[in-house]
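Numbering (the UniProt record's numbering), first residue to last: 1 to 333.
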């Protein structure tokens, strides 16, 4: 089926999020029936969609003659948009009825065209159901518009009440201003005695203020001195802390040295004890050896003494024998 261009109504909202106004989907189909010379039916379906932006308002609607208007920001379809919408729905319904009537006036259509027209009629029935749903949604939108109108009337009443309250407050403020001006005029008529008393009090207050300023200056000086002394004490504390840190480091170094010295001394003592034990063992061994030698020498001396005594006795015996022999020889002579 050929679709010819037409200048049917085209409604388009130029917004970031393309969603239909007040509904999830609104589709208006204008059906135009054209009869050509060859008894062929050309059906043009022009789809009109009204879209809305993120803030639930129609930014712009283009009408059939190319004009456009800005829609009012509202959670439902504005009056200007709804008028175009209602007219589009009515015209779509009328054209749908005309199309259905004209389709019945062509009995000479061929079998192919009959099947095509049956498909078109089925499509048109679907579109009719969509139009009925749109009518119901339009009724809902009208109900919502009436509710908003009632709310608008209530807001207008509240605004009128607030305007009345503002007018009453303006009257009260005007009375207060007049009373304040009168009070100021009465204050300007104060007697000279009161002025003198006020001046005397002012002078006393000035003197008290001067005394207070002097005391504050003295306190400031004392504070400066105390601050200097505190700063000096802080410096001394820092110096003492540094000296304490140095002493601690030196003490730690001395402790480390003492530990090293004690370890070295213990090692030396152990070595000396080992050497002393070795020397004592060697001395005991030498003493034992010397004692053994002494005993051996004593035994040798005893044996030698015994041999000496024996030899002496032998010599004595021999001398006696010799003497006796000499005597004998002398006697014999």
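Beta carbons: idealized from backbone N, C-alpha and C, even for Gly.
With 16 other Cβ atoms within 10 Å as the buried cut-off, status of residue i
i: residue 137; result: buried
i: residue 129; result: exposed
i: residue 334; result: Limits of the chain in this structure are 1 at one end and 333 at the other, which puts residue 334 out of reach.
i: residue 42; result: Because the pLDDT of residue 42 is 38, which lies under 50, any placement of that residue in the model is unreliable, and the question is left without a value.
i: residue 297; result: exposed
i: residue 156; result: exposed
i: residue 66; result: Low per-residue confidence applies at residue 66: pLDDT is 40, beneath 50, and the placement is therefore not dependable enough to give any value.
i: residue 134; result: buried
i: residue 124; result: buried
i: residue 318; result: exposed
i: residue 320; result: exposed
i: residue 288; result: exposed
i: residue 141; result: buried
As assigned by DSSP and simplified to three states, the class of residue i
i: residue 65; result: Unreliable placement is indicated for residue 65, whose pLDDT of 41 sits below 50; the coordinate value is still reported in the next sentence. Coil at residue 65, not helix or strand.
i: residue 225; result: helix
i: residue 131; result: helix
i: residue 198; result: helix
Own chain, CB closer than 6 Å to residue i, minus 5 neighbours either side, in chain order
i: residue 260; result: none
i: residue 305; result: none
i: residue 301; result: none
Cβ-based neighbour list, residue i, same chain, cut-off 8 Å, excluding 5 preceding and 5 following
i: residue 226; result: none
i: residue 173; result: none
i: residue 327; result: none
Close Cβ partners of residue i (< 7 Å) along its chain, the five nearest in sequence each way excluded
i: residue 322; result: none
i: residue 291; result: none
Enumerate, from N- to C-terminal direction, the unbroken beta strand (DSSP E) stretches of 3 or more residues contained entirely within the region 278–312. DSSP runs (the beta strand (DSSP E)) wholly in the region 278–312: none.
3 or more residues per run - each beta strand (DSSP E) lying fully within the region 237–263: Here no run is fully enclosed.
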